[in-house]
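One structure is given below, encoded as structure tokens.
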Amino acid sequence: MTAAPDQPDGATWRGWGINPSWSRLVNVRSHDGEIHRWHVLDTGPSAPGSATLLCVHGNPTWSYAWKSFLTRFGDTHRVIAIDQLGMGYSQRLGASHRPRRYRERVADLADLIDELQIGVDTALVLAAHDWGGAIAMGWAVQHADRVAGMVLCNTGIGIPEGRSAPKIIRLARSAPLRDMVCRRTPIFIEGTLRLSGQRISGTDRKAFRAPYHSTDQRDAIADFVGDVPLVVPHPSANPLMEVADRLVSIDAPVLLAWGSKDIVFDDDFAADLASRFPNVRLERFPDANHLVMVEADVAGTVDVWLHDLLSERSSASDGLTNDQSATPPRASTTTSVFDGLRCRFDDSSTAIADLANRETIDFETFTQRVEAAAAELRRRGLVDGDRVAMLTPPGIDLLVAVYGVWRAGGVAVVADRGLGLRGLRRAVASTRPKWTIGPRRAGLIRFVLRWAPRSRHINVSALIAEPVGPVELPPEPGPDAPAAILFTSGATGPAKGVWYRHGQLAAQRDALAATYQITAADRLVAAFAPFALYGPALGVPTALTDCDVTTPGKLTAEALDEACREIGATMAFASPAALANVVATATHPDKNTRTATPSVGDTTSNVTPSSPVGAETTTDVGHKYAGLAALRLVLSAGAPVPAEVLHAVAALSPNASIRTPYGMTEALPVADIDLEMIDTAEADGRGVCVGRPVAGAEVRIVTLGFDTLDGVPDAVATGDTGEILVRAPWVSEGYVAQWKTERLARPGDNWHRSGDVGHVDVGGRLWVEGRSVHVINAPTGAITPVPIERTVERLLAPTGLVTPGRVAAVGVGPTGCEQLVVVVERPNGTAGLADNELAAAVRAVVAAPVAAVLVSNEVPVDIRHNAKIDRAAIATWASDLLA
Amino acid sequence: MAYTTTAATGNGTTRVAITGASSLIGRSLATLLVARGDRVVAFQRGEFSTDPVDADVTAQVEQHRGDVRDRAALDAALAGCDVVVHLAAKVGVAGHRDEYVAVNVDGTRNVLAAAKRNGLRGVVHVSSPSVAHDGQSIVGGAADPPVAYHGTAWYPETKAIAERDALAASDGVCAVVAVRPHLVWGPGDVQLVGRIVERAEAGRLALVGGGRALVDTTYIDNAVTALTAAVDAVGPGKACAGKAYVVSNGEPRPIRELVEAFCRAADVPFEPRNLPLSVALRIGSIIDRIWSRLDRSDEPPLTRFIAEQLGTAHWFDQRAVRHDLDWQPTVSIDQGLKTLTDWFTASRTDIPSR
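These protein sequences, in sequence, are chains A and B.
Each residue of the first sequence is one higher than the one before, starting from 1 at the first, in this note's numbering.
Each residue of the second sequence is one higher than the one before, starting from 1001 at the first, in this note's numbering.
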């Protein structure tokens, strides 16, 4: 037997951020008949009702790896981080005990748990990393009734199905190489630390190396690596497989906290474990590597998860059931996204007209192709719940593919290029699609496919072939079946994957139909291509405009009108940027490259003179656009729509109701407003009026910055500013691989935190005042940005001092005493302090004290909408400037 | 200075001594205290005031001539007082360290000792935000502890020692609160507005780093009401006992805007030269060395300390002081600027132009 390394002294422990009193040695009578001396970091007994977190490290680390757990939970819970025998400051093992195999390691853990009497009167939560995970799982399957919960970080129990062991681990099959890398030199330790890069500190690196400075201190490191069952037969292979098969018996909550950059225990291992536990949650840390608990705020996620775990336990012991998890209310089960197609399965009228590619398809053919594509997907091996990344450009093929995926039971992952390349990569990587459907492997597609290395690519033209005879299909997916993953625009942090069930999509379709009185007689033009997906679900003929999908802002009046005439459209949906260009090209046709020389002089215009703005310039040419003139409904959403643009649209489409729905990727529609209400509301409130909640949607304004874990707060008084909560049957199910984000967005009772702040006025109209993360926490209280921005724009834009949509109100300084700074975009001005005239003008119209008025050459906005101001970036810029 | 009696909160029985009472803040404070019915002992080396507008107040205050270096004179002045507001200090950027030490350090110790000997309930020690100045920008900061080293800037160094002594002297019988008004300005102020206007008129106005840094300032009336609030609040066991607070309007503005506003108020041209911060710091350091080597006692055109003050943000979290002293500023910067403009206009018309 070899001695353990000398224990650090008190100052060293403190220098590492470890309370020296946590460190202690425990003599444990072992199943092998000997007494082993273990080293543990133990924060000491905790109160009844709290938890005991037993933390099991992997290889080549030690209990220090759990520092964030010890410091964060040590005061309220008991945290015991152990050093495995032969590791850290535990006793080194003599030759007779080496190598110590998996089965013995599990028995060792059992010995220690028995000796320490862990989890006898408090809830036992196992936290484990790397090889420690396999050991902890080994103990857990034997004591499933004693496990209150498990946190597993970058670990695994077996090689995930359909792949081989990671290359780097396969090198360890060579015993001499293993000895060289793991024992005789610190290469393995250094390599592990290097993977974490600058995400771990110099102190961390020093501490991780400390117990492994000499060869004999590193024996166990090599033994652990040698215990990975890479050779056949291997003494630990069967025990591991047995444990893997029994994981299903652990019904306690399991949290997987995963560093996605890990090249050994990668996302596949997370997916493998997720499929084995019945009650599992996943939090993916896209920027973290193997030492995820050290690199990322895993403890923060565990904190939330632990709160739920303990409150569920206490309510269970009180005989209460958790309403939310027991009976999740579902959307209506009577409708489905296929209703629209079902009604028209033998209809030979146009279903889709794609003006960009000059193609049309009728409903009967469309339905047949959808079913053929679904059959082909099943034939290729797609099973229920498989994620399919849709990389096909908008058009008939994409629509057939999406409905085909749905019909086959797959989940459509819709990641558009509006996320930017980086956002698209993160989006594809985080959803881990099993399939991709798109053009043949070339150009951008080849690029994207690298981010989903284990997906199988299907060439869309092979999928959308002529249907051959009758097809065999599984039953249509039910309302609870997962259907789609969409992405937030990423205007406030990285884009999040939002997932919907079929019932929620159907409910959304129904909400749109009810809000806009859509019937089978309607015909839709989707100038915003993704909106075309609603066409087949609604069962209405749909036209796509001739405009590049990546630049909707280049849509011309001519192109929109052409699409309207093509199908005799009654409704059109266009993004605000597209509408602005439609208006511009209608009023100044010379800008429109596709338009012939405009004829002037016809006075038989049917445009009503009621529109106050833009009317005089558009009346003359309004008649030219017969398709636009015939519309009964124009919809625009996605970003704030300037009223001036809507008035100009009203002049082009005088018979149309001009509406803009309010909502978010997670919930749409929430509210709806028409032009008339915009006009009456504009001047008399704070923020942007988005109308009244649509039928079936509920809105509640609650106190700013409330704690989600405390449940749903009561509504604030009418007119008071707060965060906007939304509830509707069509609210999305959650976020992909972001459990904490999802949990913190869902305070309970099916409410969703929109992240927007605003108020409801006495007339029941909803006003949006900004994003909650952009609220300025001034000494006098919260200041919301949008009312200030709108006031400045409304009062100063007419004087030419500011440009609408390009004013930002941000805070500088520490939260609680932030100072208000107004930033105005002037592309050609000098960036920095505004001149006296502008500063005085802004101060004169803003009620709150303005510390400074700044001029920026370019206010940063999001890619997708080119409209959502990145106030966080502006605040950082302003803070630096004013320091 | 006109104060309405509605602002008065004194109960008429407080006897307040003011050292350095002949300064602008001292006279304004005396005026307010008298107006609300307090008895005021004015302690200064010369006349309390020779200005006719102060005639009423001068008649009502009890004048004690003396120097804070003179213990006997202090005892005579503080006898029977409840609170002393210690304003007397040697300010400036030039001169010998000994002079600063004698007035600012020893003088403060004398005032503290006299306060204890005479059984006062509290001392309001008027300090300076520069005592915590370490060359870094302060963004929504707290009143950090004084730092000892300030290079050759004797004023902040000696004021730092004095504040540390003062707060350390706070005990269960006689409490001490340190108040650091941040850049006080207003009509009649020669320290800040006066110098800026003088330089602007001479065409020697310069801004460091474009004057972008956000700084706190204090309109004179607010500095005075804050000191009055401190007089009322200070006492053994009170929240403010033994603590330091930065006092300001709580409306930080870029330096450039303030300087421009002062120039507009005084109707002098605003044509500043711009000195990049790094250049200003280098020049300041050089001048510091020259002035100390040549032993000059006149005011240097720039010092490193002033360059740092002008080139970095200095603004403070005002929540604690407003809570602990139960005080709010009553005059906003914009209102103050209007008063300043009126004052300049009036002083121009007072002077016969022929």
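Built from N, CA and C at the ideal position, the CB exists for glycine as well.
Note that the structure is a prediction, hence the values are computed from the model and not measured.
Taken through DSSP and simplified to helix, strand or coil, A/His502 comes out as helix. With respect to chain B, the C-beta atom of A/Gly94 has no partner C-beta closer than 9 Å. The three-state reading of DSSP puts A/Asn19 in coil, since its state is none of H, G, I, E or B. For B/Ser1022, not one C-beta of chain A is nearer than 9 Å to its own C-beta.
Neighbours of B/Asp1317 across chain A, judged by C-beta separation under 9 Å: Pro779, Gly813, Pro814, Gly816, Cys817. B/Val1124: member of the beta strand (DSSP E) spanning 1122-1126, first to last residue. With contact defined as three or more Cβ pairs closer than 8 Å, the segment 60-76 of chain A and the segment 86-93 of chain A are in contact. Between A/Leu255 and the set A/Val125, A/Leu524, A/Leu709, the nearest pair of CA atoms involves A/Val125. When secondary structure is reduced to three states using DSSP, A/Ser856 falls in the strand class. DSSP places A/Met664 within a strand segment (E or B) once states are collapsed to three.
In the three-state reduction of the DSSP assignment, B/Phe1305 falls in the helix class, which pools H, G and I. For A/Arg194, the nearest beta carbon of chain B is not closer than 9 Å to its own beta carbon. Taking 9 Å as the CB threshold, A/Ala872 stays off the interface with chain B. Looking at the DSSP output, A/His36 shares a beta bridge with A/Val28. For the pair A/Leu631 and A/Ala648, the CB atoms are not nearer than the 9 Å cut-off. In terms of beta-carbon proximity, B/Thr1312 lines the interface with chain A, with at least one pair separated by less than 9 Å.
In the structure shown, the three-state DSSP call for A/Thr192 is helix. Close to B/Leu1214, with beta-carbon spacing below 8 Å, are these residues of chain A in chain order: Val812, Gln819, Ala851, Ala852, Leu882, Ala883. A/Val79 and A/Leu70 do touch by the CB rule: their CB atoms are close to 5 Å apart, below 8 Å.
Secondary structure note for A/Val243: its alpha helix (DSSP H) is the uninterrupted segment 237-246.
Using beta-carbon distances, B/Ser1248 does not count as an interface residue toward chain A, since no partner is under 9 Å.
Contact between the segment 1120-1137 of chain B and the segment 805-818 of chain A is absent: fewer than three C-beta pairs spanning the two stretches fall below 8 Å. In this structure, the beta-carbon distance from B/Phe1048 to B/Ala1077 does not fall below 9 Å.
Counting every other CB atom within 10 Å of its CB across the protein chains shown gives B/Cys1263 a total of 16 or more, marking it as buried. Following the DSSP letters along the chain, one finds A/Asp362 inside the beta strand (DSSP E) bounded by residues 359-362.
Looking only at A/Val775, A/Ala848, A/Leu421, the smallest Cα-Cα distance to A/Thr815 is reached by A/Val775. By the Cβ neighbour-count rule, A/Pro160 is buried, with 16 or more other Cβ atoms within 10 Å of its own. Residues of chain A whose Cβ lies closer than 8 Å to the Cβ of B/Arg1256 are, in chain order, Leu833. Contiguous beta strand (DSSP E) elements confined to the segment 277-315 of chain A occur at 280-285, taking only those with 3 or more residues. When 7 Å is used as the limit between beta carbons, B/Pro1252 is near these residues of chain A: Gln819, Ala851, in chain order. In the DSSP assignment, B/His1064 falls within the unbroken beta strand (DSSP E) covering 1062-1065. Burial is judged here by how many other beta carbons sit within 10 angstroms of a residue's own beta carbon; A/Gly86 has at least 16 and is buried.
Assigned with DSSP and collapsed to three states, B/Arg1117 falls in helix.
Identification of chain A residues near B/Glu1260 by a Cβ-Cβ cut-off of 9 Å yields Asn836, ordered along the chain.
For A/Ala839, the neighbours in chain B by C-beta distance under 7 Å run, in chain order, Glu1257. Pairing A/Thr431 with A/Ala375 gives a Cβ-Cβ distance that is not under 9 Å.
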